[in-house]
Amino acid sequence: MNYLYPSLLATTLLSSPAALAKSTDQNALEHIEVQGVQARLQSRGILKDSIAKTELIDAEQLKNMQASNLTEAIDKALGIRVSNECSMCGAKRVMINGMKGEHTNVLVDGVPMHTMLSGFYGMDSVATAGIGTIEIARGAGASLTAPEAIGGTVNLVSQKPSKNAAELEMATGNQGYRKVSMVAMGISEDEHSAISAIAQQDTRDQFDGDNNGVSESPLLDNQSIAITLSHDLSLDTSIKIRYGRSISEVFGGPVLGDTTSSIAETLASVTRGEAANLFSDNTVDGRYTGHPWETAEWVDTQREEWLFSILHSINDQLTLDISYANVEHIQDSFYESIDYWAKDDMQFFAAKLYYAINDQHLITVGMDNRDEQMRSHSAALADNPLYMSDSFDYTVSGLYIQETYTPSIDFELALAVRFDRITADFIANQTSDDEIDETLVSPRIDMRWFHHENWISRLSIGQGYRAPLSFFESDHGILDAEKGYLVDVHEVERSTGYNYSLNHSADKINATLSVAYTQVDNLASLSHNEAGTPVLGQLTEQADVWAWDLAVSYQLLEQLQLGASIENYRYNDAFKSSFGIAPTEKRASMNLEFAQANWTVNANYLFVPSRNLSDYGYEGFNDTQAQHAKKTDVSSYGILDFKVSYALSEDIKLYVGMNNALDYNQAADEESPLLFDSEGGYDVTFIYAPMRGRLAYLGFDYDF
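This is how it looks when you write it as structure tokens:
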């Protein structure tokens, strides 16, 4: 059911001054500055900002990028890469500090809100409407409440209502791009209560760059709503309740209106059996001649989340912070005749106590519990004796303490240690009660040192862990479905990370150099046994990665700011062997922001140099006879994005722009991501460049 339009109506009603608060001026909404419990505690130093290096993307930057979802918002952020894991379903993985996507934890207002399953198809469905800031913290142990984030965390901080207002944005473009979003916020006359509501729908059609009838990027249809209520019970106590719901549909493979008429017709075509050939001339460059189901991937996800939190200042020294979250993620999917249904339910509870001993010492003591149950089923594989369901039970109970020491305004040090009890059980594995049953101790240290008013150093050292529970989706071994699946996991992945950054900030220039090293033991990896059955196992060798980057921005003129960055990642051979899709090891970017009168121009150019994919096990052929090998030495490419905005008034802004304005995409400019192996088996993962071409759009933004 499409609930976007009723939601837009509701947010419109909520945005009226009468619904939000009585106004003394009927022609303008009243502006009220809110100083709630959290703001007062922060000003007193009780709730301190993290001293670890954190990248920030604010709401204005999200608009400048025309980002509709989370992956678009952070795709070009420093230290982050969004990996496209499949040309059919378009599964995206968010990689931080060179680590894999499963090593990234997504938080909402500081609380873990994404399950193991939603890390695969959930990233493209997270709406940007209503997000005030995206905080990206890099390194193991980046969050006290998310120690399994070996790579780092992405914290989505909701916009805080500061006035009665609403915003409507609508955009349209080629490739079936449509975006409609509504944000409404309001506060009561006594300033004790606030409400915000968001609704967003964004869509994109399939993209077929080589016009062979099989898409390289899928259809995407996202719908999201969320409502947040907060209330100050007193000067010292506040509560917050947040409810969110999203629906996402993904369809890739046979192109709608070309090689298939509808999604329903595609799924029903299984009854036709297998076609004699998938492509004319038996090459992936030829027209698709197979039945629709033979390349089809369809994923329908529904997600519902609740978040409750209470913040209470007991006295001038003690503050209590309690939060509870419940997330339900349901996936119904179809992969080349293989059905897969899964329900992932997560309960999370956390309590923190802040004790401000004096101006120099702040103690944080906390405990949390995460309980996750995932149940999956595949009717097509149910009778296969080699198939093992990836259903699991996962429980983590943790206790931590942190001492933040500030001897002077120039130096700050945080020492923390976590104790965790972890149990994980693949319930279909009858040979073992619990694959993982461990107690872990994870220390970390964060330091910030102001060498000079223009120079700041930050150092973070920490340990983290992850239970490698994801299998069917993360390794995407669906094309080996007839051979079954096996699980051979007995230990958690254990990491140690070192992160250092040096920042220089002056009147016109800002520069930051960052260096990171992460090593991981027991890294999960997909292999095959002698029978060819995919096995989720773990590496016996230690995997490690070095990462460094440099970012510089310069205010050339009052109206013009220029920026540039360069990134480099270096993996050891063990780590390289674990990747299914080759990560981008080097990239550089240049950007500018120009503002003059009512005009604003934003542009970004991203460059990826040539590289050799053979180190990541890339091999395959364009034909079934294995005569035409796919190239592993691939050329460099560049992506140019820009957006031009014009303010008609204080309330209305018009804009036009392009993403990938140079229209570079792998299928059209290089070769298809589709391949055949040496035995004639078909696959979809020869990916190393963008899967979509030029997107041109126009729209408006109306604040009222």
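Residue numbers (our numbering): 853 to 1556.
A virtual CB, placed ideally from N, CA and C, is assigned to each residue, including glycine.
Here the structure is a predicted model, which means the values were calculated and not measured.
**Asked** Do asparagine 1512 and aspartate 1493 come within 8 Å of each other at the CB atom, strictly closer than that value?
**Response** Taking 8 Å as the Cβ cut-off, aspartate 1493 and asparagine 1512 qualify as a contacting pair.
Quick check on the DSSP output: what are the complete beta strand (DSSP E) runs of length 3 or more inside the stretch 912 to 937, in order along the chain? Here the runs fully enclosed are 932 to 936.
### Beta-carbon spacing of glycine 1551, phenylalanine 1059 below 8 Å
Contact: no.
field: Length at least 3, wholly inside the stretch 1455 to 1521: the beta strand (DSSP E) runs in chain order
entry: Complete beta strand (DSSP E) runs here, min 3: 1489 to 1499 and 1504 to 1511.
Every unbroken alpha helix (DSSP H) inside the stretch 1066 to 1144 [4 residues or more]:
Entirely contained in the stretch 1066 to 1144, the alpha helix (DSSP H) runs reaching 4 residues are, in chain order, 1115 to 1120.
Would you say methionine 1226 and aspartate 1196 are within 8 Å of each other, going by their C-beta atoms? Yes, these two residues count as a Cβ contact at 8 Å.
Should proline 999 be labelled buried (16 or more other beta-carbon atoms within 10 Å of its own) or exposed? Flag for proline 999 reads buried.
### Task
Decide if the stretch 1096 to 1106 is in contact with the stretch 1161 to 1171; the criterion is three or more beta carbon pairs, one per stretch, under 8 Å apart.
No: the two stretches stay apart, fewer than three of their Cβ pairs being nearer than 8 Å.
- Query: Should the stretch 1254 to 1265 be regarded as contacting the stretch 1295 to 1313, the criterion being three or more beta carbon pairs within less than 8 Å?
  - Reply: The stretch 1254 to 1265 is in contact with the stretch 1295 to 1313.
Taking the alpha-carbon positions, what's the isoleucine 1174 to lysine 944 distance? As the crow flies, the alpha-carbon of isoleucine 1174 is around 32 Å from that of lysine 944.
_Let me check understanding here. Comparing Cα to Cα, which of Gly1105, Ala919, Pro1525 and Glu1180 lies closest to tryptophan 1557?_
Outside the displayed range of the chain (853 to 1556) lies residue 1557, so it cannot be described from this structure.
Fill in: Span of the alpha helix (DSSP H) around tyrosine 1426
Sequence inspection shows alanine at residue 1426; the tyrosine mentioned does not correspond to that position. From DSSP, the alpha helix (DSSP H) with alanine 1426 extends over 1425 to 1429.
**OP:** Taking all protein chains shown into account, decide if leucine 908 is buried (16 or more other Cβ within 10 angstroms of its Cβ) or exposed.
**Re:** By the neighbour-count criterion, in which a residue is buried when 16 or more other Cβ atoms sit within 10 angstroms of its Cβ, leucine 908 is exposed.
Tell me which residue opens and which closes the beta strand (DSSP E) that tyrosine 1554 is part of.
From DSSP, the beta strand (DSSP E) with tyrosine 1554 extends over 1547 to 1555.
Jot down the residue ranges of each uninterrupted beta strand (DSSP E) in the stretch 1169 to 1255, minimum 3 residues, whole runs only, in chain order. For the stretch 1169 to 1255, whole beta strand (DSSP E) runs of length 3 or above, ordered along the chain, are 1170 to 1187, 1190 to 1208 and 1213 to 1229.
ask   = Taking Cβ positions, are aspartate 1569 and serine 1165 nearer each other than 8 Å?
value = One cannot answer for residue 1569 here, as it falls past the ends of the chain, which runs 853 to 1556.
Problem set entry | Reduced DSSP secondary structure (H/G/I, E/B, other) of tyrosine 973 | Of the three classes helix, strand and coil, the one that applies to tyrosine 973 here is helix, per DSSP.
Item to complete: Please state whether DSSP places glutamate 1305 in a helix, a strand or coil.
Response: Looking at glutamate 1305 - three-state DSSP - the assignment turns out to be coil, as it is neither helix nor strand.
For the beta strand (DSSP E) containing tyrosine 1350, name the first residue and the last one. Counting along the chain, the beta strand (DSSP E) containing tyrosine 1350 begins and ends at 1345 to 1357.
Delimiting residues of the beta strand (DSSP E) encompassing leucine 1375 | Element bounds for leucine 1375: n/a, residue is neither H nor E.
Subject >> Helix, strand or coil at glutamate 1531 according to DSSP, with G and I counted as helix >> reply: Shown here, glutamate 1531 sits in coil according to DSSP, grouped into three states, outside any helix or strand.
* DSSP-derived helix/strand/coil call for histidine 1164 -> In this structure, histidine 1164 counts as strand in the three-state DSSP scheme.
(request) Give the straight-line distance between the Cα atoms of glutamate 1043 and leucine 1085, rounded to the nearest whole angstrom. (result) Taking the straight line from one Cα to the other gives about 11 Å.
*Given 8 Å as the limit, is there contact between the stretch 1523 to 1531 and the stretch 1124 to 1139, that is, 3 or more CB pairs closer than that?*
Taking one beta carbon from each stretch, the stretch 1523 to 1531 and the stretch 1124 to 1139 have 3 or more pairs nearer than 8 Å; the two touch.
Quiz item: Can you tell which of Leu1408, Ser1430, Ser1379 and Leu1378 has its C-alpha closest to the C-alpha of aspartate 1396?
Solution: Check the Cα spacing between aspartate 1396 and each of Leu1408, Ser1430, Ser1379 and Leu1378: the tightest is with Ser1430.
Query - Burial state of alanine 1231, where buried means 16 or more other Cβ atoms lie within 10 Å - result: Burial check for alanine 1231: the Cβ neighbour count within 10 Å stays below 16, so the residue is exposed.
According to DSSP, simplified to helix, strand and coil, what is glycine 1415? In this structure, glycine 1415 counts as strand in the three-state DSSP scheme.
### Query
Is DSSP giving glutamate 1000 helix, strand or coil here?
Coil.
For the beta strand (DSSP E) holding aspartate 1277, just list the boundary residues, first then last.
From DSSP, the beta strand (DSSP E) with aspartate 1277 extends over 1263 to 1278.
>> For methionine 1543 and serine 939, what's the separation of their Cα atoms in angstroms?
In response: Taking the straight line joining both Cα atoms gives about 7 Å.
Hey, would you say leucine 1205 sits closer than 8 Å to threonine 1256, going by beta carbons?
Result no, Cβ atoms of leucine 1205 and threonine 1256 do not sit closer than 8 Å.
In DSSP terms, what isoleucine 1297 is bridged to: Bridge partners of isoleucine 1297 according to DSSP: Leu1267 and Ile1313.
(Q) What does the alpha-carbon distance come out to for the pair glycine 1218 and tyrosine 1207? (A) Rounded to the nearest angstrom, the two C-alpha atoms are 11 Å apart.
Checklist entry - Buried or exposed: serine 1462, going by 16 or more other Cβ atoms within 10 Å of its Cβ? => result With fewer than 16 Cβ atoms within 10 Å of its Cβ, serine 1462 is classed as exposed.
Checklist entry - Taking three-plus beta-carbon pairs below 8 Å as touching, is the stretch 1105 to 1123 in contact with the stretch 1142 to 1161? => result With three or more CB-CB distances shorter than 8 Å, the stretch 1105 to 1123 counts as touching the stretch 1142 to 1161.
Requested in this report: Determine, using beta carbons only, whether lysine 905 and serine 1312 come nearer to each other than 8 Å.
Outcome: With contacts defined by Cβ atoms closer than 8 Å, lysine 905 and serine 1312 form a contacting pair.
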